[in-house]
Structures are given as C-alpha cells and as structure tokens.
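First the structure, in the form of structure tokens, and then the observations on it.
There are 2 protein chains.
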Amino acid sequence: MITIYGMRASGNCYKLQLLLDQLGHDYRWVDVDSAGGETRTPAYLAKNPNGKVPLLELDDGRRLAESDAILCYLAEGTPFLPDDRWLRAQTLQWLFFEQYSHEPCIAVARFIRGWLPQDHPRQAEVPTLLQKGAQVLAVMEQHLAGREWFVGERYGIADIALYAYTHCAGDGGFELADFPDIRAWLARVQAQPGHTPMQR
Amino acid sequence: MITIYGMRASGNCYKLQLLLDQLGHDYRWVDVDSAGGETRTPAYLAKNPNGKVPLLELDDGRRLAESDAILCYLAEGTPFLPDDRWLRAQTLQWLFFEQYSHEPCIAVARFIRGWLPQDHPRQAEVPTLLQKGAQVLAVMEQHLAGREWFVGERYGIADIALYAYTHCAGDGGFELADFPDIRAWLARVQAQPGHTPMQR
Numbered sequence: 001m002i003t004i005y006g007m008r009a010s011g012n013c014y015k016l017q018l019l020l021d022q023l024g025h026d027y028r029w030v031d032v033d034s035a036g037g038e039t040r041t042p043a044y045l046a047k048n049p050n051g052k053v054p055l056l057e058l059d060d061g062r063r064l065a066e067s068d069a070i071l072c073y074l075a076e077g078t079p080f081l082p083d084d085r086w087l088r089a090q091t092l093q094w095l096f097f098e099q100y101s102h103e104p105c106i107a108v109a110r111f112i113r114g115w116l117p118q119d120h121p122r123q124a125e126v127p128t129l130l131q132k133g134a135q136v137l138a139v140m141e142q143h144l145a146g147r148e149w150f151v152g153e154r155y156g157i158a159d160i161a162l163y164a165y166t167h168c169a170g171d172g173g174f175e176l177a178d179f180p181d182i183r184a185w186l187a188r189v190q191a192q193p194g195h196t197p198m199q200r
Numbered sequence: 001m002i003t004i005y006g007m008r009a010s011g012n013c014y015k016l017q018l019l020l021d022q023l024g025h026d027y028r029w030v031d032v033d034s035a036g037g038e039t040r041t042p043a044y045l046a047k048n049p050n051g052k053v054p055l056l057e058l059d060d061g062r063r064l065a066e067s068d069a070i071l072c073y074l075a076e077g078t079p080f081l082p083d084d085r086w087l088r089a090q091t092l093q094w095l096f097f098e099q100y101s102h103e104p105c106i107a108v109a110r111f112i113r114g115w116l117p118q119d120h121p122r123q124a125e126v127p128t129l130l131q132k133g134a135q136v137l138a139v140m141e142q143h144l145a146g147r148e149w150f151v152g153e154r155y156g157i158a159d160i161a162l163y164a165y166t167h168c169a170g171d172g173g174f175e176l177a178d179f180p181d182i183r184a185w186l187a188r189v190q191a192q193p194g195h196t197p198m199q200r
C-alpha cells in the first residue's frame, strides 16, 4: 500500500487525498506537521531532502516529492489525466501555473493569516499577495468563461490542483464575489462523485 | 513551423532554445522583452493571459505557456523524456522543484541584480534569496553525489530545466565553490552534443 506523508490542512496535501479518494485507491496517511517544523527533522529530511510535504512512498521504499508530480503519477492511465498529447500538455501548463503563480500568492496569504501571529513581520506581505493573487484569479476567471473544466471536456487533475487552494482562498483574505465563473466551477468540483472536503 | 515567444537572456526561455537546438527542431523565435514590459501589452496578453514568456505557438494557432510544460511537450517521444512511468514522475518532480523552489530564488536574485537599479527597493530581497537559494543548491548537490544526471542514467529535460538558471547563478551572487558535484554536472551538460550557450 502506498503511503502519503502530509498535513491535512495543506492544500498541496489535500490534492492527493482528493484524487486518491476519487480513484478509490487505498493509501496510508502519515500526518506530518509542516507548520510545526516536522518537515525539517533529520528523519524527515532523510526521506525528502527538500523538507516539504506531501511525499509519496511506495511499498519498496521509492519516494516521490512535489504535489503536482505525485498527482500526475497517480492519475496516469485514469480519466483524471488525458492520454492526448496536447491535453496532457495543457494539464501540465495549469499545474505549473498553479505552483508558480497561484500557490505562492493564494496559499501563502492563507498561511500567513492562519498560522503566523498577528504581529509577525510577514503579515506585511499580505497586501501585495492579495493584489497579485487577484490577478491570478482573473486569469482563471477568463479561462473558465464558457468552459466547464480547465482542460478539455472533463474534470481532471488540473481542476484538483487549482481547487485545493482556490476553494479556501477566503482564508487568505481573497474575495471571490467578482469571479462568478470560478464560483460556479468550485461548485461543479464539489459536486463530483467521491468529493471529500479538506480538513481545516 | 513552431514559434517561440521569448527573451534570450531569460533562463526559462533559454531552456526551450537548448532543447530545440539539441533536438535539431526547426523553430521561429520572436523576441519579447519581458523585462521591458512587452509581456503586459494587450496584444501579448491576448496570446498569454498570464503575461509571461516563454510561449509556444503551433502553426494552427494553439498556444502553450509555462516553460517546463513546453519542455515536456517538445520532449515527448524523444530520449530527453523517459518513457518509464517512474522516471517520468521523477522528471516532473525535478521540474516542479525547479519552478517552485529553485527559480524563485536563483532566477529572481539574478533579475534583481541584473535588471533593477541599485537603489530599487527589491534589492533588499537579495540576502534572503541568497540564503534560500543556497539551501536549494545543497539539495541538488546531495542528489548529484554519485549520479551523472538528475533522472536515471541519461541527460534529459530535468537537467535542461535546472541547468538554465544554475549555470548563471553567479549573476545573482551565488557562489558554486562549495558545490563540486554541481560544477561537474554543469560541465557534463555543457559537453553534450549540440549544446548552445545562453545569450547574456
């Protein structure tokens, strides 16, 4: 059985929970409190030298890091990752958009507001993150106009990856009122068979 | 013929030049001065709403953004991207590491030092970027101990993606003296057939 090392309230980890639950794939979940420093212990760094969750471990001890790489690995050969070369490329485009443009604004604002003290110096980053994150949401809103899903005609891992931190963007102070197509897409994701909520 | 919209001195764009040259793939290159604001014009935003280079455009007008997604698309079916499921997953792991952990330190320090005035407020970010970037380089150094390439036994797009900003890390103020395995790997990459340097 595969093992996921993760923190339940982390969107990057929740992505894997959501996909695995929807695939009906058995897995063992090992809680690692990333916010509390448990990814920086020598024991954890021996598993993932980059000191981050989530981490996938196979029965034979092989390990894979990076949430969106794990999504691709687990979704291979399932309806959650298209076979078509162009649709796969589009999926990767949105996964890299998620990790490079979306997560560093939308997840980081949530982390600062939700996990750091109100007088922490990083609170000063929040206004800039809100401004940049609104631009990211505008890119998503524009793409979703007239579309049901991010890639092709089908719900898949691009939707899962982007859903993870978009559905809880309010925790970071983002307002989705101006993004009706995003809100409609969030509702479609939540209505998918086997959808499980994030533990917050 | 495919078209790449890119800025020659950008590592994210250079990745594509390097792969295409090594594949012997014909392409048209359209210079877009990202640092000078040319990715934020209405005409460019109509091509890539996220306002970034590089961008791949096919003959039929379809477009693909995100440098590492483009690498995967172009490398599909070539020796630069393994067929094996686990090696593909490892490749993606390193591509996401590159975009999430490496580029935001190592490329951004280079940008601030190379493109922004000496009295620009963002110069204050450099010490933190140097510290975080050194941790990223340490992860690479550890991985390269006893290995020739990042994934499997073969040079591929994980090496190309990581080479792009590592070989010019000195521009950002990084010192590679403490990373002998990285320096040996850089030399191996430079010795590959068809290697072309970045225009700086």
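Residue numbers (full-length UniProt numbering), protein chains in the order written: chain A, 1 to 200; chain B, 1 to 200.
All C-beta atoms, glycine included, are put in the ideal place defined by N, C-alpha and C.
**Item:** Classification of residue 148 (chain B) by the beta-carbon crowding that lies within 10 angstroms, buried from 16 upward
**Value:** The sequence position of residue 148 (chain B) within the second sequence is 148, counting from 1. By the neighbour-count rule (16 or more Cβ atoms within 10 Å), residue 148 (chain B) is not buried but exposed.
**Request:** Could you please tell me which residues of the UniProt domain "GST C-terminal" (84-200) of chain A, in chain order, have their CB closer than 9 Å to any CB of chain B?
**Result:** 85, 86, 88, 89, 90, 91, 92, 93, 94, 95, 96, 97, 99, 100, 101, 103, 104, 135, 136, 138, 139, 142, 143
**Message:** For a cutoff of 9 Å on Cβ pairs, would you count residue 59 (chain A) as touching chain B?
**Reply:** Within the first sequence, the letter at position 59 stands for residue 59 (chain A). Not closer than 9 Å to any Cβ of chain B, the Cβ of residue 59 (chain A) fails to qualify, so no.
**For residue 91 (chain A), three-class secondary structure by DSSP** = To locate residue 91 (chain A), count along the first sequence from 1; it is residue 91. Of the three classes helix, strand and coil, the one that applies to residue 91 (chain A) here is helix, per DSSP.
**Request:** For residue 72 (chain B), go through chain A and note every residue whose CB falls closer than 9 Å to its CB, in chain order.
**Result:** As a working mapping, residue 72 (chain B) is identified with position 72 in the second sequence. By Cβ distance, chain A contributes 88, 89, 92.
**N-terminal and C-terminal residue of the alpha helix (DSSP H) that residue 39 (chain B) is part of** = Taking the first residue of the second sequence as 1, we reach residue 39 (chain B) at position 39. Taken as a continuous stretch (DSSP letters only), residue 39 (chain B) belongs to no alpha helix (DSSP H), as it is neither H nor E.
**Request:** Count the other CB atoms, across all protein chains shown, that sit within 10 Å of the CB of residue 1 (chain A); report buried if there are 16 or more and exposed otherwise.
**Result:** Indexing the first sequence from 1 puts residue 1 (chain A) at position 1. Burial call: exposed.
**Message:** Is any non-hydrogen atom of the ligand COA found closer than 8 Å to the C-beta of residue 188 (chain B), if you look at the structure I gave you?
**Reply:** With respect to the ligand COA, the structure offers nothing, as it holds no ligand at all.
**Prompt:** Is residue 82 (chain B) buried or exposed, if buried means 16 or more other CB atoms sit within 10 Å of its CB?
**Reply:** If you number the second sequence from 1, residue 82 (chain B) lands on position 82. Residue 82 (chain B) is buried by the Cβ-count criterion.
**Request:** Check whether the Cβ atoms of residue 190 (chain B) and residue 150 (chain B) lie closer than 9 Å to each other.
**Result:** Residue 190 (chain B) sits at position 190 when you count from the first residue of the second sequence. Residue 150 (chain B) sits at position 150 when you count from the first residue of the second sequence. Contact flag unset, no.
**Message:** Against chain B, does residue 67 (chain A) count as a neighbour if the rule is that its beta carbon must be under 9 Å from one of theirs?
**Reply:** Along the first sequence, one-based indexing puts residue 67 (chain A) at 67. Yes, contact with chain B.
**Message:** I need the straight-line Cα distance from residue 40 (chain A) to residue 51 (chain A), nearest angstrom please.
**Reply:** What you label residue 40 (chain A) is simply residue 40 of the first sequence in a count that begins at 1. What you label residue 51 (chain A) is simply residue 51 of the first sequence in a count that begins at 1. So the two alpha carbons sit approximately 6 Å from each other.
**Message:** 9 Å is my cut-off, CB to CB: does residue 23 (chain B) come that close to chain A?
**Reply:** For the purposes of this step, residue 23 (chain B) is taken as the residue at position 23 of the second sequence. Closer than 9 Å: no.
**Asked** From residue 7 (chain B) to residue 55 (chain B), what does the alpha carbon distance come to, in whole angstroms?
**Response** In the second sequence, residue 7 (chain B) corresponds to position 7, counting from 1. In the second sequence, residue 55 (chain B) corresponds to position 55, counting from 1. Cα to Cα, residue 7 (chain B) sits roughly 10 Å from residue 55 (chain B).
**Request:** Examine the Cβ distances between the segment 23-42 of chain A and the segment 175-182 of chain A and report whether three or more of them are shorter than 8 Å.
**Result:** no
**Prompt:** Which same chain residues, not among the five before or five after residue 97 (chain A), have their C-beta less than 7 Å away from its C-beta?
**Reply:** Here residue 97 (chain A) refers to the residue found at position 97 of the first sequence. Excluding residues within five positions, none has a Cβ falling inside 7 Å.
**Request:** Can you grab the Cα-Cα spacing for the pair residue 63 (chain B) / residue 160 (chain A), in whole Å?
**Result:** Residue mapping note: residue 63 (chain B) aligns to position 63 of the second sequence, counting from 1. Residue mapping note: residue 160 (chain A) aligns to position 160 of the first sequence, counting from 1. Going from the Cα of residue 63 (chain B) to the Cα of residue 160 (chain A) covers about 22 Å.
**Item:** Classification of residue 58 (chain B) by the beta-carbon crowding that lies within 10 angstroms, buried from 16 upward
**Value:** Here residue 58 (chain B) refers to the residue found at position 58 of the second sequence. Exposed is the call here.
**Test: residue 79 (chain A) CB closer than 9 Å to a CB of chain B** = As a working mapping, residue 79 (chain A) is identified with position 79 in the first sequence. Cβ-Cβ to chain B under 9 Å: no for residue 79 (chain A).
**Asked** Under three-state DSSP, which class holds residue 58 (chain A)?
**Response** In the first sequence, the residue the question calls residue 58 (chain A) occupies position 58. It is coil, neither helix nor strand.
**Request:** Measuring only between beta-carbons, confirm whether residue 82 (chain B) sits less than 9 Å from chain A.
**Result:** Taking the second sequence and counting its residues from 1, one reaches residue 82 (chain B) at position 82. No - not a single Cβ of chain A is within 9 Å of the one on residue 82 (chain B).
**Request:** Count the C-beta pairs between the segment 8-27 of chain B and the segment 67-80 of chain B that are closer than 8 Å, then say yes if the count reaches three, no if not.
**Result:** yes
**Item:** 8 Å CB neighbourhood of residue 122 (chain B) in its chain, flanking five on each side removed
**Value:** If you number the second sequence from 1, residue 122 (chain B) lands on position 122. Answer for residue 122 (chain B): 112, 116, listed in chain order.
**Asked** Given that residue 64 (chain B) touches chain A, what residues does it touch there, using C-beta distances under 9 Å?
**Response** Reading the second sequence from its first residue, position 64 is the one you call residue 64 (chain B). What residue 64 (chain B) touches in chain A: 86, 89, 90, 92, 93.
**Request:** Output yes or no for whether 9 Å exceeds the beta carbon distance between residue 188 (chain B) and residue 168 (chain B).
**Result:** As a first step, residue 188 (chain B) must be located in the second sequence, where it is residue number 188. As a first step, residue 168 (chain B) must be located in the second sequence, where it is residue number 168. Going by C-beta atoms, residue 188 (chain B) is not nearer than 9 Å to residue 168 (chain B).
**Prompt:** Who pairs with residue 2 (chain B) in a beta bridge, going by DSSP?
**Reply:** Counting from one through the second sequence, the residue named residue 2 (chain B) turns up at place 2. Paired residue(s): B:27.
**Item:** Partners in chain B for residue 49 (chain A), counting only beta-carbon separations shorter than 9 Å
**Value:** One-based indexing of the first sequence puts residue 49 (chain A) at position 49. What residue 49 (chain A) touches in chain B: 138, 139, 142, 143.
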